[in-house]
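> Read top to bottom, the protein sequences are chains A and B. Taking the numbering used here, the leading residue of the first sequence gets 1, the next gets one more, and so forth. Taking the numbering used here, the leading residue of the second sequence gets 1001, the next gets one more, and so forth. By construction, the Cβ of each residue, glycine as well, lies at the ideal position given by its N, Cα and C atoms.
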Amino acid sequence: MADVALQSGVTSVTEQVDRARVLQRLRLSDAAFRHLTRSAAILVLIILGGIIVSLVHGSWPALRTFGFSFLYTEVWNPVTEQFGAISPIYGTVVTSVIAMLIAVPVGLFIALFLTELCPMWLRRPIGIAIELLAGIPSIIYGIWGLFVFAPFLQQYVQPFLISVFGNLPGLSTLFAGPPYGIGVLTAGLILAIMVLPFITSISRDVFEAVPPVLKEAAYGLGCTTWEVARYVVLPFTRVGVIGGVMLGLGRALGETMAVTFVIGNAHRISGSILAPGTTISATIANEFTEAVGDLYTSSLIALGLILFVITFIVLAFARLMLMRLNARLGK
Amino acid sequence: MTDMTLPSSQTNTPLYRKRQRRNVLTMGMAYAATAFGLTWLVLILGVLLYEGFSGLSLAVFTEMTPPPGAAGGLLNPIMGSLVMTVIAVIIGTPLGMLAGTYMAEYGRYDKLSSVVRFINDILLSAPSIVIGLFVYEIMVAQMGHFSGWDGAVALAVLVVPVVVSTTEDMLTLVPDTLREAAASIGLPRSLMITKVAYRAARAGMVTGVLLAVARISGETAPLLFTALNNQFWSTNMNAPVSSLPVVIFQFALSPYKDWQKLAWTGALIITLAVLTLSIMARALASQRK
């Protein structure tokens, strides 16, 4: 007993030295790891800062030369080095509006189907199918749009639209001109197919977050499924749905490849949605590598800056809305 | 069901019939919308399989991209895509994991984390062509030439936000009792994270990396003016490198039938790769629950 105590008393001196050394080492590695992770987190902010700074720097020559008129001039002439951004901005906005007009109602109805009508065993497969549609790279939509969808529209849909709406006052300008196949409408439709899965899956998620008690209470009062969706689910999830729609809009505004294939890359604003146009991202994708001269390159980067600012605002708004929903659900 | 229990005096009123009609109409629209959405999936995948498989052969994987009118394959773009994807993952994954670790383990409720979370969510859906411009400005314009490294960096910038958000989510799901148990046996925090929390969240974190690979393997826009393209076999990452999406873009818009055929085949290869990755990620994620 005694020598055991003695022994442990002897070793404890060296042990304590060892222990102090080990603790010191662990303290250092602990602090190092903490700072490493913190720096990585700060790097995310630096990436964003870097994007903004580099885009502003790159677009400075163009912004200095053209000033604010860059934002509202239509001319885009590489030969005379006159550049204005309004026709790409217009194309971006119009194609996105077409996409949202189709994708929002369809996406909400699919989400309604998935949460209220669909039999349980079918929910997962359909949900997965919709999410697979979201994972398909945009270049696939582009090549499909170019070889399959645009010829189909040109042959069947656009002549029909022209014959029906072409003579109606007000709508005639919207559907004027020959059926090119490629153009603003085609790009908008492809975008609609692309953003549909995003809107569907977010709306489904927020619809599922509605407390069952609320829905059951409404059903108990004798509400129809539609009345439950319209007067209980939708009001409860409104901010989340708006967030999801904005997220889809952010995708549509910045989408490049799907649009570049089918928009026609024409720098002019046409009243007809059947005519070729261009978007900000399509212009950059088509012209950047061929741009000669600093002013040309700089103007394209300025377009990128405009696109980034627009999508940043839309996406920030979307996130704020989704955060508000989560706060309401107590997450 | 309600009709049976209600007396007919209540079910025969105009208001009741109007509500029923509206319900049938809107539910019909919900069915139609779902059919509409699934139709596109079938149409796109159907055409892709038909066009892609008819051009699929061994030569696609063993031969270089051809000049117009000649036979050839997609070996150099496939290799280029693989190499750039691997480098992008090697650069982007550790950064994303560390950042996610900070947000979940050290500063879960602090100001920095909430700002980073917000910015990260925006970067997650920021237009990829803007990322391409960013890398062009900081790398291509500085060095004066396009290169495979530039392309890999552009892809890495896309990897980071995906990995950050999945790492954070997965670490947040790790029960605090595990952390407390580790702390109670005197494990320092850094070891607690690497030895306990990482292991508990491993499947989820791998899912994040798979999703990131799926995301970048189809990206075209950020490569257009960073890695550019290269018609020949090149292992030199300091020179332009060919990649599958950019070759698809170039070949599909060309007037040559052979090139268009190869573009479809390339599109099929990318889609199959992306779908396989997402299905693997999904299987891994559901295994955990």
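#1: Please state whether the Cβ-Cβ distance between G1096 of chain B and V1174 of chain B is less than 8 Å.
#2: Indicate the three-state DSSP secondary structure (helix, strand or coil) for Q985 of chain B in the structure shown.
#3: Can the beta-carbon of L1074 of chain B be found less than 8 Å from the beta-carbon of G1218 of chain B?
#4: Is R1017 of chain B helix, strand or coil when you go by DSSP?
#5: Are the Cβ atoms of I336 of chain A and T1034 of chain B separated by less than 8 Å?
#6: Can you tell which of B:W1149, B:V1042, B:R1108 has its C-alpha closest to the C-alpha of I1091 of chain B?
#7: Would you give the residue range spanned by the alpha helix (DSSP H) that L71 of chain A belongs to?
#8: If I measure Cβ to Cβ from G58 of chain A and keep anything under 7 Å in the same chain, skipping five residues before and after, which residues do I get?
#9: Within the region 32–117 of chain A, note down every full alpha helix (DSSP H) run reaching 4 residues or more, in order along the chain.
#10: Quick one: what does DSSP say Y1109 of chain B is sitting in, helix, strand or coil?
#11: Under DSSP, the alpha helix (DSSP H) around L146 of chain A begins and ends at which residues?
#12: Output, in chain order, the set of chain B residues within a Cβ distance shorter than 8 Å of W121 of chain A.
#13: Around the Cβ of M1143 of chain B, are there at least 16 other Cβ atoms within 10 angstroms (buried) or fewer (exposed)?
#14: Comparing the C-beta of A327 of chain A with each C-beta of chain B, is any distance below 8 Å?
#15: For E216 of chain A, which of helix, strand or coil comes out of DSSP?
#16: DSSP three-state label for V17 of chain A, please.
#17: Please state whether the Cβ-Cβ distance between I269 of chain A and Y90 of chain A is less than 8 Å.
#18: Where P159 of chain A and P151 of chain A are concerned, what is the direct C-alpha to C-alpha distance, given to the nearest angstrom?
#19: The region 47–73 of chain A: which residues have C-beta closer than 8 Å to a C-beta of chain B, in chain order?
#20: Given this structure, state the Cα-to-Cα distance separating W1264 of chain B from K215 of chain A, to the nearest angstrom.
#21: Under 8 Å, Cβ to Cβ, is there at least one residue of chain B near R251 of chain A?
#22: Thinking C-beta only, is W1233 of chain B closer than 8 Å to N1076 of chain B?
#23: Report back the beta-carbon spacing between D1121 of chain B and R319 of chain A to the nearest angstrom; my notes put them in contact at under 8 Å.
#24: Rounded to whole angstroms, what is the Cα-Cα separation between L1041 of chain B and A129 of chain A?
#25: Judging by CA-CA distance, which residue of A:G243, A:S203, A:I143 is the nearest neighbour of F1251 of chain B?
Once the coordinates are examined:
#1: no
#2: The structure shown does not extend to residue 985 of chain B, since chain B is modelled only from 1001 through 1289, so no value can be given for it.
#3: no
#4: helix
#5: Outside the modelled stretch of chain A, which goes from 1 to 331, sits residue 336 of chain A, for which no answer is possible.
#6: B:W1149
#7: 69–72
#8: S298, I301
#9: 69–72, 86–112
#10: coil
#11: Premise fails: L146 of chain A is in no alpha helix (DSSP H) and is neither H nor E.
#12: The premise fails here: W121 of chain A is roughly 15 Å from chain B at the closest Cβ pair, so nothing lies under 8 Å.
#13: exposed
#14: no
#15: helix
#16: helix
#17: yes
#18: 12 Å
#19: I47, L48, G50, I51, S54, L55, H57, G58
#20: 47 Å
#21: yes
#22: yes
#23: 5 Å
#24: 8 Å
#25: A:I143
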